[in-house]
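Data first, discussion second: the structure below is written as structure tokens.
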Amino acid sequence: MAIGFKLKKTERILFCASKWWGDPDFPEQMEYPTVRVTDEDGDTFDYPLTFICQINCEDIAQFDPENKLPHEGMLYFFGAIDEYIGYDSPTHNGIGEWPKGSFVVKYAKNVNFETFQSCMLVDDDDQTLTEPEMEMEFFQCEDDAMTSRLLGVPYNEDVRNAYPEYISLLHMEEDEGAGIRFYDCGTLDTMMKESDLKYGNWKKTKTYLHSL
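Positions 28 to 239 (the numbering used here) are the ones given, in order, by the sequence shown.
Right under this line is the structure:
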């Protein structure tokens, strides 16, 4: 079984909680992920990936009886998705498999409210660059459910056939409430082999965008 989730707006402070958008809450030694970009003049620079969500793994333990995911600590997802949430972006990743480094998964083994800090991205005027954080509500669902979820398999059969050894670590559907649109009824899957997931090889992911 997979773990579906719904997003809802909230006034609660979601520090060290499961949340979508907002700012990630990091242990001191963790660095914010970036992707290397080359501009029109041939100059290269590091561009911050969009923080998508963090999962406090205690929140999903009851929905993961097969223990495929950690049941403690924090799991983070970042991706080069600015253009799919309405922003200009120096990167473009279209339909198909995305280049390595365009999507990053991070994991912290323990959550410590005393030492974790929110990593805030701001512009030159110290204004936040992130979308308002949203609360995540989890539920159990089928592996191929047409909903945003953790685990399971890509919804599209062609993607499943192209990656037969992979499961979806994060399956993203379009969401008007969250402002996400992948072309025409598109889906974004970040996938791992189950053997890599078992040993926490978080760098060994593949990300694929499918659209009708």
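Backbone N, C-alpha and C define an ideal beta-carbon position, used for all residues, glycine too.
{"Item": "With DSSP as the reference, please indicate the residues paired to LYS33 in a beta bridge.", "Value": "GLU164"}
{"Item": "Spatial neighbours of ILE122 within its chain, please: CB distance less than 8 Å, with the 5 preceding and 5 following residues excluded, ordered by chain position.", "Value": "TYR210, GLY213, LEU236, HIS237 and SER238"}
{"Item": "With a floor of 3 residues, list each beta strand (DSSP E) that falls wholly inside the segment 94-134, ordered by position along the chain.", "Value": "101-106"}
{"Item": "Under 9 Å between the Cβ atoms of PRO51 and TYR103?", "Value": "yes"}
{"Item": "With which residues is PRO268 paired in a DSSP beta bridge?", "Value": "Here the chain comprises residues numbered 28 to 239, so residue 268 is not present and cannot be evaluated."}
{"Item": "Find the nearest neighbour of PHE72 within the set ASP150, PHE166, ASP171 and THR118, judged by alpha-carbon distance.", "Value": "THR118"}
{"Item": "Could you have a look at LEU236 and say whether DSSP puts it in helix, strand or coil?", "Value": "strand"}
{"Item": "Is the separation between the beta-carbon of ILE87 and that of TRP47 shorter than 9 Å?", "Value": "no"}
{"Item": "So, does the segment 49-64 touch the segment 143-153, judging by three or more C-beta pairs under 8 Å?", "Value": "yes"}
{"Item": "Spatial neighbours of CYS168 within its chain, please: CB distance less than 8 Å, with the 5 preceding and 5 following residues excluded, ordered by chain position.", "Value": "MET28, ALA29, ILE30, GLY31, THR174, ARG176 and GLY179"}
{"Item": "If you follow the beta strand (DSSP E) that LYS231 is part of, which residue opens it and which one closes it?", "Value": "Here LYS231 belongs to no beta strand (DSSP E), and DSSP marks it neither H nor E."}
{"Item": "How should PHE140 be labelled, buried or exposed, when 16 other C-beta atoms within 10 angstroms of its C-beta is the threshold for buried?", "Value": "exposed"}
{"Item": "With a threshold of 8 Å on Cβ separation, who are the neighbours of CYS84 within its own chain once the five nearest residues in sequence on each side are excluded?", "Value": "LEU96, PRO97, HIS98, GLU99, GLY100, MET101 and LEU102"}
{"Item": "Within a Cβ cutoff of 8 Å, which residues of the same chain sit near ILE218, ignoring the five residues on either side of it in sequence?", "Value": "One detail in the question is off: residue 218 reads as Met in this sequence, not Ile. Cβ within range, chain order: PRO181, TYR190, TYR193, ILE194, SER195, LEU196, THR232, LYS233, THR234 and TYR235."}
{"Item": "Ordered along the chain, which non-local residues of its own chain (more than five positions away) have a Cβ less than 8 Å from that of PHE130?", "Value": "LEU76, PHE104, PHE105, GLY106, ALA107, THR217, THR232 and THR234"}
{"Item": "Take the Cβ of GLN56 as the centre, count every other Cβ of all protein chains shown within 10 Å, and call the residue buried at 16 or more, exposed below.", "Value": "exposed"}
{"Item": "Any chance you could list the alpha helix (DSSP H) runs of at least 4 consecutive residues sitting entirely within the segment 157-227, in chain order?", "Value": "184-189 and 221-225"}
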